[in-house]
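One structure is given here, and the rest of the page talks about it.
Numbering (our numbering), first residue to last: 1 to 146.
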């Protein structure tokens, strides 16, 4: 199964560098996105920081992790321990970018998808929650969790 999804330009800090009006797209193959979003590579340390940043991903609100430098907060979603061993890079990328494609009933937001969403706060309409670099940074960190 191959599908094409599009995301609109991000207006967040560190937004994708592209021509005005250009729309980044990604190709879903099976249950993953095999290619990095907008061709960017992620950074493990930036991804680790984004995991706890309340204004960004805030993953630890729901997910637990055994990282001594992070305060464990969540217990309503699967633990992130070993996720880099359990899922491929492509699978992790889709789960961060557009988890609702795999699980429409999840409480986790699709951080990169913008189309087909309901009840979107005004400041996020037409913009992804995370830009492609931020998604790739989080994916890089998750991959490191072996």
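Even for Gly, the Cβ is constructed at its ideal location relative to N, Cα and C.
Check: The alpha helix (DSSP H) enclosing residue 44, as first and last residue numbers; Outcome: 44–52
Check: Contact check, residue 84 vs residue 144, beta carbons under 8 Å; Outcome: yes
Check: Local Cβ density within 10 Å of residue 38, reported as buried at 16 or more and exposed below that; Outcome: buried
Check: Beta-carbon separation (whole angstroms), residue 112 vs residue 130, contact threshold 8 Å; Outcome: 6 Å
Check: For residue 32: DSSP bridge partner residues; Outcome: 29
Check: Reduced DSSP category for residue 99 - H, G, I as helix; E, B as strand; rest coil; Outcome: helix
Check: Beta-carbon gap between residue 51 and residue 138 smaller than 8 Å; Outcome: yes
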